[in-house]
Amino acid sequence: MSLVHISGLRLSAGDTEILAGVDLTIAEGEAVALAGPSGAGKTSLALAVLGHQRPGVRRTAGTVEVTGPVGYLGQDPGSLLNPYARVASILRTAAGRRVPRAFADTLLDRVALPASLARRYPHQLSGGQQQRVALAVALARSPRLLVLDEPTTALDLLAKAEVLAEIGRLRAEGVSLLWITHDLATVRELVDRVLVLDEGRVSGPESAMKGPFIANFAMKASFISRGEGASAEKALRADKLTAGYRGTPVLTGVDLTVARGECLAVLGVSGAGKSTLARCLAGLHRPGTGTVTLHEDPLKPDVRDRTTKERAAIALVAQNPAEALHPRQDVRTALVRPMRLLRGVKSREEQDAKVAELLEAVGLDSTMDKRLPGELSGGQRQRVALARALAAEPEVLICDEVTSALDAETQAEVLTLLNELRARLGLAVVLITHDAGVAVSTSDRLLVLHAGRSVLTAPTAGLVPEGADPDRVITRLLTDPSRTEQGASLV
Amino acid sequence: GASGPVSAPIAGAGTSAARRGGVLKAVFTGGGAGESLDPYTGGSPIDFVRHDILFDSLFTLDKAEVVPGLALAAEPTADGRAFVLRLRAGVRWHDGSAFTAQDVAYSFRYMSAPERAYPSQLASFVDSAAVRVRDPLTLEVPTKQALGDPALFLAAFPAKIVKDGATSFTAATAVGTGAYRVTAFEAGREARLARFDGYWGGAAPADELVLLSLTDPQAKVNTVVTGQADFAGDIPFTTAKAGVASADLEIRTAGDDHRTAFGFVLNPTLEPFDDPRVRKAVRLAIDRQALVDTILLGYGTVGNDLLCAGAKYFAAKEPLARDLDKARALVREAGAEGAEVTIRTAEYEIGYNASTQLLAEQLKAIGLVVKPQIVGPAEFFRPEAVAAAHGVSFSSGAVPLAVMYGRLAGFPGLAFPDERFKAAFGTGIASTDEGTRAKAWAEVQDVMYDRGNTVIWGQADVLSLARESVAGITVRDQAKYPYLGKAGMA
Amino acid sequence: MSRFARELLTRLGMLAALSILVFAGVDLLPGDPVTSRLGISATPERAAALRAQLGLDRPLPARYAEWVSGLFSGNLGLSTTGRPVTELLSDRVGNSALLAGLAVLLLAPLSLGLGLWAAWRRGRVADKTISTGSLLMVSVPEFVVAGGLVLLFAVTLRWFPAVSLLPAGASPLAYPEVLVLPVASLVLVGSAYAVRVIRGAAAQTLAGPQAEFLRLNGVRWPVLARRLVVPAVLPVAVQVWLVTGVALVGGAVLVEKVFGYPGIGELLVSSVQTGDLPVVQAVVLVLGALMLLALLLADLAVVLLTPRLRTGGAR
Amino acid sequence: MIRRVLLAAGILLLGIVLFGPELTPHSATAPVAPPYSPPGTGGLFGTDHLGRDVLSRVLHGGRPLLLTSFVSALAGAGLGAAIGLSTAPARRRWVEPVLMRSLDTLAAVPPILLSLLVLTAVPNRAGLILAVALVSIPLSARVARAAAEQVRGRAHVEAAIARGERWTWLLGREILPLVAGPLAADLGVRFVTAVYLVAAAGFLGLSTSDSDWGLLIVEALPGAALQPWALLVPVAGIAILAVAANRTAERLT
Ligand SMILES: Nc1ncnc2c1ncn2[C@@H]1O[C@H](COP(=O)(O)OP(=O)(O)OP(=O)(O)O)[C@@H](O)[C@H]1O
Ligand SMILES: Nc1ncnc2c1ncn2[C@@H]1O[C@H](COP(=O)(O)OP(=O)(O)OP(=O)(O)O)[C@@H](O)[C@H]1O
Ligand SMILES: [Mg+2]
Ligand SMILES: [Mg+2]
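Residue numbers (this note's numbering), protein chains in the order written: chain A, -2 to 488; chain B, 7 to 496; chain C, 532 to 846; chain D, 40 to 292.
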């Protein structure tokens, strides 16, 4: 018996067709992975299974039949949990019926969380814990089908491993899965078949397996050549940065340097202070002590006190793609403003040309410049944010998770672009990422943050020998600070 | 127009006589938290009504005549600079003690002490500090100026007699000689009064009087309509006009002798009203009937520009007939065409602002541009502002001429600077001879009628709403503050 | 702790600023206690004498200093009628607070219910009815509403007294029937704004990712409302209720007038009209202090009702 | 269809309000019939307490009311919103508490006192607008700040700050569009409040026009039993204006 039966589903938004006749059947107990390039319509399809469409999207044809309760877990689950309720209450509410007190504990246990978390509010949980609580919500009604939309992208390696393990357990319990992911290599063993959505159509498992697209997926994060090595000229330096929020210290004495053309990867578990560090560098968060220097010139701690030239020199791509773009400003505006303000590009033709160029550089169609962020997919938004950072032609680019929502191919494109800019223009990159593969393949050096301290800075090549599994090495670096302490002596 | 009263209000105090017993609940316009049991502190209508039945005056007015109250006679000396006051015997205070000349002497001092919120204006006529007690029922009272008829002044100005030494006036301590004594009181809310059986004027009919205090006219009416009260004093004309649906309710009028004069006082010291021709022109130009029909909704009659209708010595002259041509000619003659005049007004009483607006419309016809200057009641009588305005709205009940013209004479911007007027006015106050006085007051009014600065366009009825069974309500001083000492349920 | 102290100090500073504002402001009002009390007998000489007697001829700072020192001993000075201001104010403040308090107690659940309902049925008939209805209630002056209620329920149906007459010294609590219509008027007028605000906040929450997540996981309306929407709108709703409450304490003048209810609003207006400045100063100060308190409570409520702020956590 | 009819009605109303004084059958001040004449005998809606034509007065009063209330509501809500919003990207820590606490203090001064004071100092239309604006600012600022609080830390705002946008852009283009909903709702309510503050000023003898709708209501109240139309027509006018203004504000955001 099939839980989901979709036939001839067509979705469109405005004039563009998102899904052009999709057929999909998921049998009882079956686990299906859904892959496809960014913007292919995966999220739209998943929502359609739940009988829901985002604003602006219409169903023009086709039928969707779904039996039994369905659980759903979307992207960025931290923002999905009810901020006004404790975990226990969230879970019991999700059950949709009267349940005993112990119910929450049972659910927490299922997602491998301690029962002690039941009394906490969502904001008191780490990103990984939030994600697992969200998973528990999806499980609360004992669904026979679980729809997962990239549930692990925002997680560090440790949390990701926990969530994957939990999904594996569910799978073993016979829950059906519709799992949207870019990380086919990881998911492979956990699903029965892989579907690829491209250009609005699903290619069946057999054909998909043979197609060129899947080949890219199969080859996990194809190795990208590192830059030709950095010049000695230091582009950006931070000395003894200390920062915190309202009395809670987050960073303590962090030093950091990145040279022209160099790529420095910053690693650390969720909450280690990576984003805070990035914001201090960009002048958006005032450090308690310590200085940031650009080409040996000390920078003012507040970006508003910096000169136009200094502002143009450092660009930050913020972590949250959903918030990074103004929901009421179209793509063109987002890209043109930095050009105007920081590079003085005033003529319309020049702007248009540069907008098209930037969009193309990040692998987007140049006709997308009229779109509002709400009309873009998660990955597309992330790339627009990157394009905006590049619009000012910075000397230092600070990327806070710029590839998390991208499929392998698009990710490779983006990283190649960064490499090229490094080589060609001497762009210095500070790359914050959870993705060990990306960190290892792209960076010249690694900086590991642990509880706000830099516990290690070392050349990547030295830490991760050619051929070693980056995941294992990085996991070790993150889990065992004492080991890294010793590693720190490597510098 | 067809704007006469739908059902003419019933004149008088109710058809049948009040029987003994029962509770009468009456509602009047209150003064909020400012109300007081101290007769020289509260200044709102309900205060006056309450003071009248708790306390007695030396003399009172009845149909414009002075009648004895706690005093039997006030005999002036030949030059009028002092008088001998003879008191009524056998009067008892609510606490049972006897009323004596000491009480009166104390009261004179009390009422004129400047720290009173409303010190009696009698103080400007009577030398209170020098009052001498001759015997328990006789006093000698020196005056500050010659008074030909002191009893009239004692009746016209508030001069309630309080007990010797009284300083506190709470429900427990307020003691008077009146027909009722107070049992409970809360400012702005209600006073409960019980009949004083030892009253010298004869015990009142009702066992208990409940005086309810409200500020909203419609609320006052609603209490009677819904049975929360039996009598509402001074109701708006609109209510009367709309009528009341209930069969056992009636709208009453205090009658022809107890009307309120409505009009304007022009400033005779400023252009253009310093010219008698322009003052006359205004009086010729106003449409008195239209004003009566509109502002009073027909409840009243046209006025003859003289104040104090209903009082003794009032000259019942014919109102000037409207004559726009003549008025225009006078204005032209005086060179006042197109003059801008500000008329100061505040809703001191319902109709002030409206009549000013109407006046503005009417005077357009003779080329005077009236700018109503609407202000809050608290600033209305600011002397400098009144002196700077070309005129003010004005109204007054039937007070004695000496009182009324005396008040106007002391107020910058309202006083009428005319030698003949001043001389006659002085004689009217000072002369001890009734005939001379009558002649003097006639002369005062002749001058005013000829070239005076008061424009009284109407005499408004004082209306009340009562249950049919409410009886015995009379007027002593002003109809808006009736005397309830003889009132009760039929 | 130091934060608490700083907060306390700020509020005291605001209170001090308010007292200066109130004292100086009232003094600048056009109403003049002297001429308004003397009326037509306000000849210049008498006016000057009374002015001196009331101490109004002294300079403003001196009078302010005296007033403030009086405040500390609970003495608000003498009304121009000669009675202590505290005496005039005492039960009226209580009466008004009772009226406003009852009104807020009733309008809080009412506005919450209507606001949520409208947000839930956004764009449907129920929403349009509630939204337009609340707008109309906002637009119709309170005395028209009160007058209408009196006409219907008191004069025509005779269910409740038309005027809130109370025996001397009695508390309105002993006569609940006199409270019905005034409270109803205030509820009708006061809830309209709250309904609008709550509807807006609820609609925003319902359109957010958290509501979507719960909905997609099968959580139905009443539960969704109770667990997510109500907690989300409460911080703003409490603010509105508190501010409305204070506004009703002092702003229900015309309702108090229609019902003859002895409250502080009526006292304020009549004192302004009679130029009884000490009373105006006291009433305004009391109302201002109440408003400051309400705003403080509102700020506290936001913290208490938002777990993220309450627990001092981040993000 | 219904929407179209409503729109047409709204435009018609606006036209009547704006060009009313030119359309009136009578002057706003001249009596034309006995006071409190019912509809029919004295004009479409009868006459008021002075016998003036209610319709003419309503037509005359619409423009001053709309202009005064609208300008003052706009000024109040606008300034309030500007202050409330500007606390969001303010760089100095003390700006927000100082601004908001001073506004709180201002909010604590009862509206009646505030308007009396301003109108005493500036006894004309400008004073009225100032008074209403002063009354509105603190509450509008609170609404705006509460809304902006949700938005202030968003990455796009920070990105705009980082690229050196001026504060006009930050407020107008980054923050305002996201908080326009609550602000528009606030503006609608401020408009109605303004109408009644203007009316209340008239009630206290501080009127600045002779046929403001608020004034008409206050004047019509005592005779409401005799001539309800004199009361109901301006009340309905204000209600319809308020609904129309709010609908427009909602549509625009
Ligand atoms: N309202 C809209 N108007 C126009 N196009 C839209 C709209 N909403 C979505 N789209 C387009 O529909 C396509 C599918 O979006 P969807 O979010 O389903 O993609 P996705 O496969 O989930 O991508 P990603 O992996 O990047 O999250 C995208 O190309 C997007 O640009
Ligand atoms: N605005 C804020 N106010 C208070 N605390 C904050 C704020 N932002 C972050 N924090 C706290 O600071 C710490 C570091 O946060 P940061 O965002 O820098 O972590 P991160 O390393 O980027 O984590 P992730 O991998 O989840 O993005 C966390 O404990 C977080 O809870
Ligand atoms: Mg997606
Ligand atoms: Mg981060």
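Just so you know, even glycine gets a beta-carbon here, dropped at the ideal spot from N, CA and C.
- Of the heavy atoms belonging to ligand 1, at least one sits nearer than 8 Å to the Cβ of A/A37.
- When rounded, the separation of the alpha-carbon atoms in C/F674 and B/R26 is 41 Å.
- The beta carbon of C/R653 sits no closer than 9 Å to any beta carbon of chain D.
- Sequence-distant Cβ neighbours of A/L475 in its own chain, meaning closer than 6 Å and more than five residues away, are V266.
- When the Cα atoms are used, D/G85 and D/V231 turn out to be separated by approximately 26 Å.
- Proximity to D/R131 across A/R283, A/S4 and A/D236 peaks at A/R283, based on C-alpha coordinates.
- From the beta-carbon of D/R131, no residue of chain A is found nearer than 7 Å; the closest lies around 10 Å away.
- Non-local beta-carbon contacts of D/L52 in its own chain, meaning distances under 8 Å to residues more than five positions away in sequence, involve I279, L280 and A283 in chain order.
- At least one heavy atom of ligand 1 lies closer than 8 Å to the C-beta of A/Q377.
- For B/D254, the closest C-alpha among the options B/S475, B/Y487, B/L312 and B/L220 is that of B/S475.
- About 7 Å separates the beta carbon of C/L826 from that of D/A146, a gap short enough to meet the 8 Å contact definition.
- By the CB criterion at 9 Å, A/R385 and A/V314 fall inside the cutoff.
- At a cut-off of 9 Å between beta carbons, D/N163 makes no contact with chain C.
- Of all alpha-carbon atoms in B/D329, B/P383, B/T275 and B/D141, the one lying nearest the alpha-carbon of B/Y354 is that of B/P383.
- For A/V359, no beta strand (DSSP E) encloses it, and the DSSP letter there is neither H nor E.
- Within 8 Å of the CB of C/Y724, the CB atoms of chain D belong to V228, in sequence order along the chain.
- Nearest CB-CB separation between C/T541 and chain A: not below the 9 Å threshold.
- Residues of chain A whose Cβ lies closer than 7 Å to the Cβ of C/A763 are, in chain order, Y81.
- For B/S42, the chain C residues whose Cβ falls inside 9 Å of its Cβ are T612, G613 and R614, in order along the chain.
- In this structure the segment 418 to 438 of chain B does not lie against the segment 289 to 303 of chain B, because fewer than three pairs of beta carbons, one per stretch, are closer than 8 Å.
- Nearest to A/S401 by alpha-carbon distance, out of A/L192, A/A382, A/Q326 and A/L77, is A/A382.
- Looking at the DSSP output, B/F270 bridges to B/S399 and B/V461.
- Contact between the segment 74 to 84 of chain A and the segment 113 to 122 of chain A is present: 3 or more CB-CB pairs across the two stretches fall below 8 Å.
- Apart from sequence neighbours up to five positions away, the residues of its chain that approach A/D468 with a beta-carbon distance below 8 Å are L154, A433 and G434, ordered along the chain.
- Just measuring C-alpha positions, the residue of B/A185, B/S401, B/I167 and B/M454 sitting nearest B/A466 is B/S401.
- A check of alpha carbon separations from A/V54 across A/V63, A/S41 and A/A310 identifies A/S41 as the nearest.
- The C-alpha of C/L737 lies about 31 Å from the C-alpha of A/T22.
- For ligand 1, no non-hydrogen atom lies closer than 8 Å to the CB of D/T86.
- D/A172 has a beta carbon lying at 9 Å or more from every beta carbon in chain C.
- Counting the other CB atoms within 10 Å of its CB gives C/V656 a total below 16, which places it among the exposed residues.
- Below the 7 Å Cβ cutoff, chain D contributes G220, P221 and A224 as neighbours of C/G731, in chain order.
- Closer than 9 Å to the CB of C/L835 there is not a single CB belonging to chain A.
- Shown in chain order are the members of the segment 257 to 278 of chain D whose Cβ falls below 7 Å from a Cβ of chain B: P261, G262, A264 and L265.
- Proximity of the beta carbon of A/A30 to ligand 3 is not indicated: no heavy atom of the ligand is located closer than 8 Å.
- In this structure, DSSP gives D/P64 a state outside helix and strand, which the three-state scheme calls coil.
- DSSP lists B/R350 as the beta-bridge partner residues of B/Q379.
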